[in-house]
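Numbered according to mature numbering (1 follows the signal peptide of the UniProt record, and there is no 0), the sequence shown spans residues -23 to -1, 1 to 531. We put the CB at the ideal spot given by N, CA and C, even for glycine.
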Amino acid sequence: MRITSRSVAALAAAASLFSSVHAISKISRGGRYLYDESGNRFYIKGIAYQEMSGTSVASASNPFGEPTDYIDPLSNGTACQRDLPFLQQLKVNAIRAYSVNSSLNHDACMQAFSGAGIYAIIDLSLPVNGSIDRASPAWSTNLLDLYINTIDTFSKYDNVLAFNVGNEVVIADNGTDAAPFIKAAVRDIKAYLASKGSSILVGYASIDGSSDFRTELANYLSCDPSNSGSGSTAIDLYGLNNYEWCGNSTFQASYAGVESDFSNFNVPAYFSEFGCITSPPRVWTEVAALFSPEMSPVWSGGLAFSYFPDASVQGQFGMVNISVDGSSVMTGNDFNALASQYGQVNPPNTPNQSAAGNTNYPSCPAQSATFLASSSLPPTPNDQSCQCLDTTLSCLFTPQTDNYTAIVGDLLDTGCSLLGQAGGNCNDIAGNGSTGDYGRVSFCDPPIKLSFVFSEYYQANNRNPQSCNFAGNATVNNTAPSDVSSANAAATSCFASASSVFTPTAPAGSGSLSSSASSKSPSGAVPLIGDVRALWGMGAMVVVGVASGVWTLA
Ligand SMILES: *[C@@H]1O[C@H](CO)[C@@H](O)[C@H](O)[C@H]1NC(C)=O
Ligand SMILES: *[C@@H]1O[C@H](CO)[C@@H](O)[C@H](O)[C@H]1NC(C)=O
Ligand SMILES: *[C@@H]1O[C@H](CO)[C@@H](O)[C@H](O)[C@H]1NC(C)=O
Ligand SMILES: *[C@@H]1O[C@H](CO)[C@@H](O)[C@H](O)[C@H]1NC(C)=O
Ligand SMILES: *[C@@H]1O[C@H](CO)[C@@H](O)[C@H](O)[C@H]1NC(C)=O
Ligand SMILES: *[C@@H]1O[C@H](CO)[C@@H](O)[C@H](O)[C@H]1NC(C)=O
Ligand SMILES: *[C@@H]1O[C@H](CO)[C@@H](O)[C@H](O)[C@H]1NC(C)=O
Ligand SMILES: *[C@@H]1O[C@H](CO)[C@@H](O)[C@H](O)[C@H]1NC(C)=O
Ligand SMILES: *[C@@H]1O[C@H](CO)[C@@H](O)[C@H](O)[C@H]1NC(C)=O
Ligand SMILES: *[C@@H]1O[C@H](CO)[C@@H](O)[C@H](O)[C@H]1NC(C)=O
Ligand SMILES: *[C@@H]1O[C@H](CO)[C@@H](O)[C@H](O)[C@H]1NC(C)=O
């Protein structure tokens, strides 16, 4: 079918006219369910909407691999207008966008979708260095600022259902020590949204991993570490990327396990991806099961994967092809089958909102050999402290490339290893999600961490200029405090007034006013140099890798 394009301006005008007559209903959480403004239960009947870009290296355990680039799927009104009739044929009420660029304008797409009754679930993370790194997790200023910029761009639209703080960050039981960083992100993003008066939900999309950590991770993300019934660190919405139903399966064969595992789950849950391709053709009979009275007590619908072509080692997940000139959409059997199944769903409108009650926040799951997450969370990343620290450092990371992400991990490894040989350590930049120990510099962005390590090494070498070189990646700041004790004092004062948990503000230069963090409890500041404890970690390896929790599937 060929669709001709109208102008974006005409579309936007039509959409805003339409939405002023028939505004999309606000969705809110009641107990463990979602409700619209009329008090009807809301089920997500959606589709993933993210055009693939860049190279992704796939393997058997990770059919998609990690992309190196992305296309913002909500920034081109012509493309959204081209796709809208097809989304309507599918009868979806939600799309999920995995990677968006806060510098771009999203009015045309968001208003067009809103006018058609379609909500957006927006992932805040980005490929490469824009998400919590599962190999070396941190919740740091660069991520917080990235997330806030995206929130500031999207929270003005009336059809944003949720922001995801991560997708498949944890993929194995030995990676569950990344969970405290995810939970800290939830805490800070919830506080930020609340400070803006926004009630957009905060979610996480989980891999459907082995049972030794899957439900514990879910319970952890929705628990209350303070045991006071507070939901301040709990996700509002849990997404499970579930591909257990292949071909023409049955509830008993594919979903009975997950239904039972989540039977007592406390917050709204949905399948943030579904649509197995290993028994083609996809008949989408799982839709009837997912929206049935058997599953509605736990699940509030799901998102089929995927509208756009998505090649993987398993095969093709996409349901349409786009013509080379971008003007037309070709649909296939997968598309027709999904449209037919979505057209037939009629999920129960129970329980009603008053019966759903309030959400309960239980205590957090205990640590075990297969669940490593501490219930002690890392602090709120503090831009002011990190910027202040940066001005006290005597040996600065001065990359000769804009693309510093490619070298920063390598240099941290080198820097920490040399520092260890010189009697120092990298404890200050390290965070450990299983012990709950977070170094005071652990929330700073990778370049500042690197400058910190370089400076310690330089100081440990009595400021020998040759020790501040790192193959041309480092430069001495001659105006920084020159003796160790004044450097320590300056650095310590940067962190002394920082509260460990506070409501973040928009980063400087983002258009919103940035105010300093309220001061309360001083962090346990330790001297810059002179701590001769053992090196942090095995062989002092700090790997700020490029692995990021986006676009993966297993
Ligand atoms: C985001 O958009 C800005 C403005 O067009 C552009 O300069 C930047 O490269 C984009 N970022 C990505 C990662 O595409
Ligand atoms: C975690 O477990 C996976 C297999 O489940 C293994 O491939 C990986 O090397 C382990 N990682 C660490 C850091 O032990
Ligand atoms: C799927 O299975 C059901 C029951 O076993 C059967 O009635 C139906 O025809 C099958 N559908 C397809 C598309 O194979
Ligand atoms: C927007 O999408 C249309 C349709 O695919 C395409 O022709 C156009 O080049 C795109 N515009 C931009 C700025 O990418
Ligand atoms: C899209 O194109 C690929 C490659 O030509 C083809 O295998 C696939 O069936 C097409 N899908 C649809 C939905 O047309
Ligand atoms: C909501 O459901 C409960 C339990 O089924 C019932 O007692 C109550 O009357 C219902 N309330 C409304 C407003 O329908
Ligand atoms: C990712 O790294 C690039 C340089 O490689 C940098 O410009 C960008 O700000 C970084 N993004 C985040 C979120 O850290
Ligand atoms: C940055 O460097 C990495 C690793 O060398 C490379 O894969 C990537 O394409 C580079 N990115 C840019 C934007 O040049
Ligand atoms: C900087 O460090 C990287 C990684 O160790 C190295 O490849 C590069 O040669 C160094 N020097 C410059 C000027 O980039
Ligand atoms: C060098 O140190 C001075 C004094 O602390 C500081 O004001 C300046 O910002 C630093 N320079 C850089 C490039 O960080
Ligand atoms: C965290 O600390 C524990 C206990 O000391 C240690 O076994 C583990 O390797 C540490 N984790 C990291 C990522 O360093």
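Where Cys363 and Asp422 are concerned, what is the direct C-alpha to C-alpha distance, given to the nearest angstrom?
In the sequence shown, residue 363 corresponds to position 386, counting from 1. In the sequence shown, residue 422 corresponds to position 445, counting from 1. When rounded, the distance between both Cα atoms is 8 Å.
How far does the beta strand (DSSP E) with Arg6 in it extend, from its first residue to its last?
For this step, residue 6 is matched to residue 29 along the sequence shown. Ser5 to Gly7 is the extent of the beta strand (DSSP E) around Arg6.
Sort Tyr435, Phe420 and Thr375 by Cα distance to Gln398 and report the nearest one.
Counting from one through the sequence shown, the residue named residue 398 turns up at place 421. Ranking Tyr435, Phe420 and Thr375 by Cα distance to Gln398 puts Tyr435 first.
To the nearest angstrom, how far is the alpha carbon of Val478 from that of Ser240?
Within the sequence shown, the letter at position 501 stands for residue 478. Within the sequence shown, the letter at position 263 stands for residue 240. If I take the Cα positions, the gap works out to 33 Å.
Quick check: the Cα distance between Asp60 and Val306, rounded to an integer number of angstroms?
Numbered from 1 along the sequence shown, position 83 holds the residue referred to as residue 60. Numbered from 1 along the sequence shown, position 329 holds the residue referred to as residue 306. Those two C-alpha atoms are separated by around 7 Å.
Does at least one heavy atom of ligand 2 sit under 7 Å from the Cβ of Asn404?
Reading the sequence shown from its first residue, position 427 is the one you call residue 404. Flag unset: Cβ of Asn404 not near ligand 2.
Would Pro245 pass as a contact of Arg6 if the rule is Cβ separation under 8 Å?
Here residue 245 refers to the residue found at position 268 when the sequence shown is read from its first residue. Here residue 6 refers to the residue found at position 29 when the sequence shown is read from its first residue. Result yes, Cβ atoms of Pro245 and Arg6 sit closer than 8 Å.
Quick check: is any heavy atom of ligand 6 less than 7 Å from the C-beta of Pro328?
Here residue 328 refers to the residue found at position 351 when the sequence shown is read from its first residue. Yes, ligand 6 has a heavy atom inside 7 Å of this Cβ.
Gln88: buried (16+ other C-beta within 10 angstroms of its C-beta) or exposed?
Working through the sequence shown from its first residue, we reach residue 88 at position 111. Flag for Gln88 reads buried.
Take Leu373 as the anchor and find which of Gly392, Ala230 and Gln293 has the nearest alpha-carbon.
The residue given as residue 373 occupies position 396 in the sequence shown. That would be Gly392, whose Cα lies nearest to the Cα of Leu373.
So what does DSSP say about Gly152, is it helix, strand or coil?
Position 175 of the sequence shown, counting from 1, holds the residue named residue 152. Residue state, collapsed to three classes: helix.
Cβ of Cys471 less than 8 Å from any chain C Cβ?
This model lacks chain C altogether; it includes just one protein chain.
Output needed for Asn323: all residues of its chain with C-beta closer than 8 Å, excluding positions within five of it in sequence on either side, in chain order.
The residue given as residue 323 occupies position 346 in the sequence shown. Only Phe268 meet the Cβ criterion.
What residue does the beta strand (DSSP E) around Ser178 start on, and which one ends it?
Mapped onto the sequence shown, residue 178 falls at position 201. Inspection of the sequence shows that residue 178 is occupied by Leu rather than by Ser. Where Leu178 is concerned, the enclosing beta strand (DSSP E) stretches over Leu178 to Ile184.
Bridge partners of Ile109, per DSSP?
Along the sequence shown, read from residue 1 onward, the residue named residue 109 stands at position 132. Its beta-bridge partners do not exist; DSSP assigns none.
Report the three-state DSSP secondary structure of Cys86 (helix, strand or coil).
Here the question's residue 86 lines up with position 109 in the sequence shown. Residue state, collapsed to three classes: helix.
Look at the alpha carbon of Ser353 and the alpha carbon of Phe420, and state the distance between them as a whole number of angstroms.
Within the sequence shown, numbered from 1, the residue matching residue 353 stands at position 376. Within the sequence shown, numbered from 1, the residue matching residue 420 stands at position 443. Each residue's Cα considered, the two are about 15 Å apart.
CB-CB under 8 Å to Thr369, same chain, minus the five flanking residues each way: which ones, in chain order?
Counting from 1 along the sequence shown, the entry for residue 369 is found at position 392. Cβ neighbours of Thr369 beyond the five flanking positions: Ala457, Pro458, Ala464, Ala467, Ala468 and Cys471.
Which value, in whole angstroms, describes the spacing of the CA atoms of residue 583 and Tyr284?
As displayed, the chain neither begins before -23 nor continues past 531, which places residue 583 out of reach and without an answer.
Pick from Ala85, Val142 and Ala93: whose alpha carbon is nearest that of Asp110?
Looking up residue 110 in the sequence shown gives position 133. Nearest of Ala85, Val142 and Ala93 to Asp110, Cα basis: Val142.
Which class does Arg440 belong to by DSSP, given the choice of helix, strand or coil?
Stepping through the sequence shown from its first residue, residue 440 is reached at position 463. Arg440 falls in the coil class under three-state DSSP.
Looking only at DSSP bridge pairs, what is Glu250 linked to?
Counting from 1 along the sequence shown, the entry for residue 250 is found at position 273. Its beta-bridge partners are Asn218.
Residues around ligand 5, please: the ones whose beta-carbon is closer than 5 Å to some heavy atom of it, in chain order.
Spelled out in chain order, the answer is Asn298, Met307 and Gly309.
State yes or no: is the C-beta of Thr192 nearer than 7 Å to some heavy atom of ligand 7?
Within the sequence shown, numbered from 1, the residue matching residue 192 stands at position 215. Checking the Cβ of Thr192 against ligand 7 gives no.
By alpha-carbon positions, which one of Pro44, Val77, Ile95 and Gly416 ends up nearest to Pro62?
Indexing the sequence shown from 1 puts residue 62 at position 85. That would be Ile95, whose Cα lies nearest to the Cα of Pro62.
Can you find the residues in the same chain that come closer than 8 Å, C-beta to C-beta, to Ser(-19), ignoring five residues on each side of it along the sequence?
Locating residue -19 in the sequence shown gives position 5, where the first residue counts as 1. With a pLDDT of only 31 at Ser(-19), under 50, the local geometry of the prediction cannot be trusted, and no value is derived from it.
Exposed or buried, what is Asp213 when buried is set at 16 or more other beta-carbons lying within 10 Å of its beta-carbon?
The count along the sequence shown starts at 1 and reaches residue 213 at position 236. Asp213 is buried by the Cβ-count criterion.
Which whole-angstrom value describes the C-beta separation of Ser231 and Trp222, a residue pair presumed to lie in contact below a C-beta threshold of 8 Å?
Translated into the one-based positions of the sequence shown, residue 231 becomes position 254. Translated into the one-based positions of the sequence shown, residue 222 becomes position 245. Their Cβ separation, rounded to whole angstroms, is 4 Å, which keeps Ser231 and Trp222 in contact under 8 Å.
Relative to the alpha-carbon of Leu389, which residue among Pro376, Thr357 and Val430 has its alpha-carbon at the smallest distance?
As a first step, residue 389 is located in the sequence shown; it is residue number 412 there, counting from the start. Ranking the options by Cα distance to Leu389, first place goes to Val430.
Is Thr412 near ligand 11, in the sense that its beta carbon is under 7 Å from a heavy atom of that ligand?
Locating residue 412 in the sequence shown gives position 435, counting from the first residue. True, at least one ligand heavy atom lies under 7 Å from that Cβ.
Could you pull out every residue in the same chain whose Cβ sits closer than 8 Å to the Cβ of Ala139, ignoring the five residues on either side in sequence?
Mapped onto the sequence shown, residue 139 falls at position 162. Counting only Cβ-Cβ distances below 8 Å, and skipping sequence neighbours, we find Ile98, Ile99, Ile177, Leu178, Val179, Gly180, Asp213 and Leu214.
Ends of the alpha helix (DSSP H) at Asp122?
As a first step, residue 122 is located in the sequence shown; it is residue number 145 there, counting from the start. Element bounds for Asp122: Thr118 to Phe131.
How many Å lie between Val509 and Ser371 at the Cα?
Taking the sequence shown and counting its residues from 1, one reaches residue 509 at position 532. Taking the sequence shown and counting its residues from 1, one reaches residue 371 at position 394. Summary for Val509: the model assigns pLDDT 26, below 50, so the residue's position carries little reliability, and this model does not support an answer.
Using only the heavy atoms of ligand 11, determine whether one of them is closer than 7 Å to the beta carbon of Asn151.
Counting from 1 along the sequence shown, the entry for residue 151 is found at position 174. No - ligand 11 has no heavy atom lying nearer than 7 Å to the Cβ of Asn151.
Considering only heavy atoms of ligand 4, does any lie closer than 7 Å to the CB of Ser304?
Here residue 304 corresponds to residue number 327 of the sequence shown, with the count starting at 1. For ligand 4, at least one heavy atom lies less than 7 Å from the Cβ of Ser304.
In the DSSP assignment, the alpha helix (DSSP H) including Asn141 goes from what residue to what residue?
Residue 141 sits at position 164 when you count from the first residue of the sequence shown. Here Asn141 belongs to no alpha helix (DSSP H); instead the beta strand (DSSP E) covers Val137 to Asn144.
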